[in-house]
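K.L.:
Top to bottom, those sequences are chains A and B. The opening position of the first sequence corresponds to residue 1 in the numbering used here, with each subsequent residue numbered one higher. The opening position of the second sequence corresponds to residue 196 in the numbering used here, with each subsequent residue numbered one higher. Backbone N, C-alpha and C define an ideal beta-carbon position, used for all residues, glycine too. Here you go, one structure.
Number of protein chains: 2
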Amino acid sequence: MARKTGSHSEITGPRVRAAALTLFARHGFAAVSMRQIAREVGVQAGALYLYTKDKQSLLFDLMRTHMDELLAAWVDEPKGDTALDALEAFSRFHIRFHLERPDAVFIAYMELRNLTDENFAAIEALRRQYEGELEAILRAGQEAGELDLSDIRLSSMAIIAMLTGVNTWYREGGRLSREAVADRYWDMVRGAVGA
Amino acid sequence: MARKTGSHSEITGPRVRAAALTLFARHGFAAVSMRQIAREVGVQAGALYLYTKDKQSLLFDLMRTHMDELLAAWVDEPKGDTALDALEAFSRFHIRFHLERPDAVFIAYMELRNLTDENFAAIEALRRQYEGELEAILRAGQEAGELDLSDIRLSSMAIIAMLTGVNTWYREGGRLSREAVADRYWDMVRGAVGA
DNA sequence: TTGGTAACTGAACAATCGTTCATATCCAAG
DNA sequence: CTTGGATATGAACGATTGTTCAGTTACCAA
Chain A
1 MARKTGSHSE
11 ITGPRVRAAA
21 LTLFARHGFA
31 AVSMRQIARE
41 VGVQAGALYL
51 YTKDKQSLLF
61 DLMRTHMDEL
71 LAAWVDEPKG
81 DTALDALEAF
91 SRFHIRFHLE
101 RPDAVFIAYM
111 ELRNLTDENF
121 AAIEALRRQY
131 EGELEAILRA
141 GQEAGELDLS
151 DIRLSSMAII
161 AMLTGVNTWY
171 REGGRLSREA
181 VADRYWDMVR
191 GAVGA
Chain B
196 MARKTGSHSE
206 ITGPRVRAAA
216 LTLFARHGFA
226 AVSMRQIARE
236 VGVQAGALYL
246 YTKDKQSLLF
256 DLMRTHMDEL
266 LAAWVDEPKG
276 DTALDALEAF
286 SRFHIRFHLE
296 RPDAVFIAYM
306 ELRNLTDENF
316 AAIEALRRQY
326 EGELEAILRA
336 GQEAGELDLS
346 DIRLSSMAII
356 AMLTGVNTWY
366 REGGRLSREA
376 VADRYWDMVR
386 GAVGA
């Protein structure tokens, strides 16, 4: 027996990545076997290798796709006129984007150590690029006298950590809507940068 | 051959935990084998089972010890008179404690999903207890009119995430001393809570 | 000096791992 | 109707996994 009726690669490929995303997020990259992923897709383990070179590439693809989407989405985001507007835009964007894809966020933060050196460097560069976007906003705000910061790099890391942290506790259908959460986080960010 | 000269269990036990801590933090629980831990200690894999019931217990012990130490250290910390003093004490304590044991912190945050349900519940309870300490401070500050918060639970999570984030970028011997870092984080926390 | 026990080895267990490959089936194009 | 490439199976590969255990050694108390 081989190849079931009506199966197509345009379907199976995305399903492999979707299954890997869910399973990696839930159990961790090292704890998930190729056979588990295959079972989730409804296929034998060998068939996965039609869609990925190996397990490492599967992880790397998920992470790079996530980072690419993050950077591309931020570029498209309206940023307002002042640095303070841009900071608000960044805060709300970051929360919205991260709450929309908790699995990918989880993987991008937790599985860095399971990347090969080369792949790690690539992802790290993209992360630095994203951090640089926030730093640029803070620097502009500093120079315009809108913000009061003693260390831009530190403030940038603190803000990102605070915003990303929303993923650890927010649950859909909970006490607060996403909008309300974003409002309150923006209040805190604004206070933290002295504005 | 068995039992090398001059070896003692009071020595080997802690060495097993120390090796596990380092290796789990570096490569992740699932990616580290009992044989790797044994090699680091300088012993055969079977000998590890004189010091731990199984691999899961090794992870759980590390995490529970870390959380116990965290809670005990906070109890002993001087907290000042006002809620604002207590918040400053908490912020500085959190940063100092976490920067002193990056491996344990990393494990406590990243390996929750590798705990059995029962062990997870135990660690989660301790984490909740620690979060509760901060919430109590915020609530007191709110009632005393020292702080301006729209949601105590949310503010608590945001502050902890921000403070813990220092571990992701701080490197010993870098541009800023631990003292300077704590000063700047406290500025940001104070601003975030509107004080 | 002897005996007992704590500490450890080294081999073995079944299970599972990532990956490869010969083979089979399906579908579309000629 | 034939053919060829795309899609999948299922068995197999050697390596490694967590864990157990009978045997061996080093040490200490008597």
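1) Does the beta carbon of residue 289(B) sit closer than 8 Å to a beta carbon anywhere in chain A?
2) Return helix, strand or coil for residue 322(B), following the three-state DSSP convention.
3) Would you say residue 154(A) reaches chain B, if we count a Cβ-Cβ gap shorter than 8 Å as a contact?
4) Reducing DSSP to helix, strand and coil, say where residue 246(B) ends up.
5) In the structure shown, what three-state DSSP assignment does residue 29(A) receive?
6) Ordered along the chain, which non-local residues of its own chain (more than five positions away) have a Cβ less than 7 Å from that of residue 288(B)?
7) Is there contact between the region 367 to 384 of chain B and the region 173 to 183 of chain A, where contact requires at least three CB pairs shorter than 8 Å?
8) Determine contact between the region 337 to 351 of chain B and the region 50 to 65 of chain A, defined as no fewer than three beta-carbon pairs at a distance below 8 Å.
9) Would a check of beta-carbon distances place residue 119(A) closer than 8 Å to chain B?
10) Any heavy atom of the ligand HEM closer than 7 Å to the CB of residue 84(A)?
11) In the structure shown, what three-state DSSP assignment does residue 311(B) receive?
12) For residue 154(A) and residue 242(B), I'd like the C-alpha separation in whole angstroms.
13) Just to check my reading of the structure: residue 217(B) and residue 298(B) have Cβ atoms closer than 8 Å, yes? What is that Cβ distance to the nearest angstrom?
14) So the candidates are 246(B), 236(B), 385(B); which of them puts its Cα closest to the Cα of residue 336(B)?
15) List the endpoints of the continuous alpha helix (DSSP H) containing residue 365(B).
P.N.:
Well, looking at it:
1) Position 94 of the second sequence, counting from 1, holds the residue named residue 289(B). Judged by the 8 Å Cβ criterion, residue 289(B) is not in contact with chain A.
2) Here residue 322(B) corresponds to residue number 127 of the second sequence, with the count starting at 1. Helix at residue 322(B).
3) Residue 154(A) sits at position 154 when you count from the first residue of the first sequence. Cβ-Cβ to chain B under 8 Å: yes for residue 154(A).
4) Position 51 of the second sequence, counted from the start, is the residue given in the question as residue 246(B). Note: residue 246(B) maps to coil in three-state DSSP.
5) Within the first sequence, residue 29(A) is the residue found at index 29, counting from 1. Three-state result, residue 29(A): helix.
6) Locating residue 288(B) in the second sequence gives position 93, where the first residue counts as 1. Only 269, 272 meet the Cβ criterion.
7) Verdict: no, contact absent.
8) The region 337 to 351 of chain B is not in contact with the region 50 to 65 of chain A.
9) For this step, residue 119(A) is matched to residue 119 along the first sequence. So, not an interface residue.
10) The ligand HEM is absent from the structure shown, which contains no ligands of any kind.
11) Taking the first residue of the second sequence as position 1, residue 311(B) is located at position 116. Three-state DSSP puts residue 311(B) in coil, outside helix and strand.
12) As a working note, residue 154(A) is residue 154 in the first sequence. As a working note, residue 242(B) is residue 47 in the second sequence. Roughly 45 Å between the two C-alpha positions.
13) For the purposes of this step, residue 217(B) is taken as the residue at position 22 of the second sequence. For the purposes of this step, residue 298(B) is taken as the residue at position 103 of the second sequence. Going by Cβ atoms, the distance from residue 217(B) to residue 298(B) rounds to 6 Å, so yes, they are a contact pair.
14) In the second sequence, residue 336(B) corresponds to position 141, counting from 1. Checked all of 246(B), 236(B), 385(B); the closest Cα to residue 336(B) is 385(B).
15) Numbered from 1 along the second sequence, position 170 holds the residue referred to as residue 365(B). Looking at the DSSP string, residue 365(B) is not in any alpha helix (DSSP H), and its letter there is neither H nor E.
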